[in-house]
Structure formats: C-alpha cells, structure tokens
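Novice: Structure incoming, see below.
In our numbering, the protein residues as written are 1189 to 1500.
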C-alpha cells in the first residue's frame, strides 16, 4: 500500500484503542476516525474538560461513537502508573495504542515532579513507561503500538551522557532528541518483540507539518512581534504552502494503526515536500535512528530512569 485514506481504515468494531493527547490536533482526529470505524476509544489526556469537549464534538457527528476519558499526565510517572493500574484491573485486551501526546521546544528548561526534563518526560519517558506497564494487555490484544515521531528526528541526537540537557539546554535539540527517541523506541520495541514473541506490531509515524495546537501555541508564538508575523503573514500566506490539516496529518498515524499486513518496524508519514505534507505512505528513517547500539543504551537508560521494565 502506497497511500492511505479514511475509507481504507478496516472495520474496528469490538476493538479497544488508546490515544494519548486525544483532545486536540492529530490525536483528536485519530480518535475520531477510529471511533467512526467502530472502535471503542479511550482519550488519555490531562484535562477532563478538554477531553469531554472533544468527546462531545465527535458524538455530535457520530452519536453512536464509543468514547471515554481516562486521566493521564505523561509528565508524571505516578499518573502513568495509576492509568495503567486502572486498565490492568479491568483486564480488557488492548488492540491499538497510539502514543501521540507531546510538547514542543519549551523555551526554558523545566523539570517534572520526577526530576526529568519536561520534553523528554512528556514526549518519550511517559510513553515508554506506559507501554511497558500495559504490556500484558497489549500482548492479549496482539496490539498495534504506534509511536509518534517527527521529521525533526533527522536533526536529533541521543545524548546518552546527558539525556536531560543539564549541561546546556537548547529547546529545539531537546525536542528533536525526544522525537528521535520515540522513533528508536518503536524500532527497538519491534526488535525485542520479535526476540521475545510478545505478539505485538510495533511501528512509528509522523504527521508531517500539521496545523495543530502544538504549532499554534508553540515557539513561534511566544513574543508580540512573532504573533503579529504569524497572524498577518505566515498563517494566511506561507503556512498553507508547507503544511496540511490535522486530519491529513492523522492519516499516517491511522495507516500505522490500522492498515492490514503492516510489518513491525515500519515508519509512516506524508510523502510530499520532504514529508511535510501530502498523501500518507512509508516514511524515511534517518540513519542515526537505525543505530542498534544507541537504541539499546537508550532502552536501558529509560528503564533506569522510570524504574519500569518490559516484563511480560
């Protein structure tokens, strides 16, 4: 399959899907499309109000949609553990896990309650721990597990000697590292899945340059001058040339999550304009993301930091 549209999503009736950060942007569009095809979708996000607003918006168009909110703050390991414990207590197999939530290029270095640099914690470590804790349910569902990366992964470098940017914090390199980590996590999870016969399909995807809240409230909008440029020049004239809608950005994610006969270790994204926009298809993986030695080191460091292991 070389492209993907909403009509290509197979029937998802009876399946349970979890989408992190599903209250807006590509996460919302992913949840909406999965629900439209019959899946029961858990919107895993921090804000109950925003999640309920998203659920209301989907149900206005799809009255029979099966949706529910479960609180999850990926910047908090305690919240990740509590979320996983609730689902483990239910015991229902998980068919699809889309690790979508994230923050972008925070201007100042901040740390979470766990002492982790916020971008690493939210974009990557929270998802690493979530996937590990849910592994028994993912195995029962022979789940499709999707890690959200970015075209920015090409510029990232895994700093195993300083993952938290304690020596010198720079917003974009920290973001790029977190997105490279997500792609390498998806690839390493595929390798370990095959070695341990967990029965998963581990893949990764990116939305290209999708017009979402991550962009709208991101680093380009943090000064009065930048906001004026965005409002009167960039958004109306330039952005449409290089970007596409959140719904279009969700298509590579949906392809990764639902397309039949997808092989583990595949990466999906838009195919035009250096993968910034266009039809969904197989994306390009930067060579550094294929470094198995670094991937193994990142995995071990992640287990140490989170205190969570992939124990079946």
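Cβ coordinates follow ideal geometry from the N, Cα and C atoms, glycine included. These numbers were taken from a predicted model, which means no experiment stands behind them.
Taking just the CA atoms, how far does residue 1351 sit from residue 1404?
Specialist: Interpretation of residue 1404 is limited by its pLDDT of 47, a score under 50 that renders its predicted location unreliable; no figure is taken from the coordinates.
Novice: Spatial neighbours of residue 1381 within its chain, please: CB distance less than 6 angstroms, with the 5 preceding and 5 following residues excluded, ordered by chain position.
Specialist: Hits under 6 angstroms: 1388 and 1390.
Novice: Taking 8 angstroms as the cut-off, decide whether the C-beta atoms of residue 1445 and residue 1332 are in contact.
Specialist: Yes, the pair counts as a contact, with Cβ atoms nearer than the cut-off.
Novice: Among the candidates 1458, 1211, 1397 and 1490, whose CA atom is the shortest distance from the CA of residue 1289?
Specialist: That would be 1211, whose Cα lies nearest to the Cα of residue 1289.
Novice: In the DSSP assignment, the beta strand (DSSP E) including residue 1455 goes from what residue to what residue?
Specialist: From DSSP, the beta strand (DSSP E) with residue 1455 extends over 1455–1460.
Novice: Am I right that residue 1434 and residue 1217 are in contact with their C-beta atoms under 8 angstroms? What's the rounded C-beta distance?
Specialist: Sure, about 5 angstroms apart at Cβ, within 8 angstroms.
Novice: Output the boundary residues of the alpha helix (DSSP H) element that contains residue 1233.
Specialist: It is not in any alpha helix (DSSP H) - residue 1233 instead sits in the beta strand (DSSP E) that spans 1228–1233.
Novice: So, using beta-carbon positions, are residue 1455 and residue 1371 closer together than 8 angstroms?
Specialist: Yes; because the gap between Cβ atoms is below 8 angstroms, this pair is in contact.
Novice: Between the C-alpha atoms of residue 1464 and residue 1399, what's the straight-line distance to the nearest angstrom?
Specialist: Residue 1464 and residue 1399: Cα-Cα distance of roughly 11 angstroms.
Novice: If I measure Cβ to Cβ from residue 1311 and keep anything under 6 angstroms in the same chain, skipping five residues before and after, which residues do I get?
Specialist: Cβ neighbours of residue 1311 beyond the five flanking positions: 1290 and 1366.
Novice: How far does the beta strand (DSSP E) with residue 1288 in it reach, from first residue to last?
Specialist: Segment: none, residue 1288 is in no beta strand (DSSP E) and carries neither H nor E.
Novice: How about residue 1243 and residue 1260: do their beta carbons lie closer than 8 angstroms?
Specialist: No; because the gap between Cβ atoms is not below 8 angstroms, this pair is not in contact.
Novice: With DSSP collapsed to three states, give me the class of residue 1400.
Specialist: Note: residue 1400 maps to coil in three-state DSSP.
Novice: Would you please state the rounded distance, in angstroms, between the beta carbons of residue 1316 and residue 1484? I believe it to be under 8 angstroms.
Specialist: No, residue 1316 and residue 1484 are not in contact; Cβ-Cβ is about 14 angstroms, not under 8 angstroms.
Novice: Following the continuous beta strand (DSSP E) through residue 1204, name the residue where it begins and the one where it ends.
Specialist: 1204–1208 is the span of the beta strand (DSSP E), which, as asked, contains residue 1204.
Novice: How about residue 1258 and residue 1234: do their beta carbons lie closer than 8 angstroms?
Specialist: Result no, Cβ atoms of residue 1258 and residue 1234 do not sit closer than 8 angstroms.
Novice: Please report the distance separating the alpha-carbon of residue 1307 from that of residue 1362.
Specialist: Going from the Cα of residue 1307 to the Cα of residue 1362 covers about 7 angstroms.
Novice: Could you have a look at residue 1385 and say whether DSSP puts it in helix, strand or coil?
Specialist: In the structure shown, residue 1385 sits in coil (DSSP, three-state: anything other than H, G, I, E or B).
Novice: I'd like the list of long-range same chain contacts for residue 1421, defined as Cβ closer than 6 angstroms, with 5 residues on each side in sequence excluded.
Specialist: For residue 1421, the predicted structure reports a pLDDT of 44, less than 50, and the residue's modelled location is therefore unreliable. A value from the coordinates is still provided. The answer is none, since no qualifying residue turns up.
Novice: Output the residue ranges of the beta strand (DSSP E) runs that lie fully inside the stretch 1286–1336 and measure 3 residues or longer, sorted by chain position.
Specialist: Listed in chain order, they are 1332–1336.
Novice: Alpha carbon to alpha carbon, how far is residue 1424 from residue 1431?
Specialist: Note that residue 1424 scores 48 on pLDDT, short of 50, meaning its location in the model is unreliable and no value can be drawn from it.
Novice: Taking the straight line between their C-alpha atoms, what separation do you get for residue 1223 and residue 1476?
Specialist: Distance between the alpha carbons of residue 1223 and residue 1476 is about 36 angstroms.
Novice: Quick one: measure Cβ to Cβ for residue 1200 and residue 1227, integer angstroms, because I've assumed they're closer than 8 angstroms.
Specialist: The Cβ separation is near 4 angstroms, so the contact holds.
Novice: Helix, strand or coil for residue 1447, going by three-state DSSP, please let me know.
Specialist: Correct three-state label for residue 1447: coil.
Novice: Is it right to say residue 1220 is buried, meaning 16 or more other beta carbons lie within 10 angstroms of its own, or is it exposed?
Specialist: Buried, since its Cβ has 16 or more Cβ neighbours within 10 Å.
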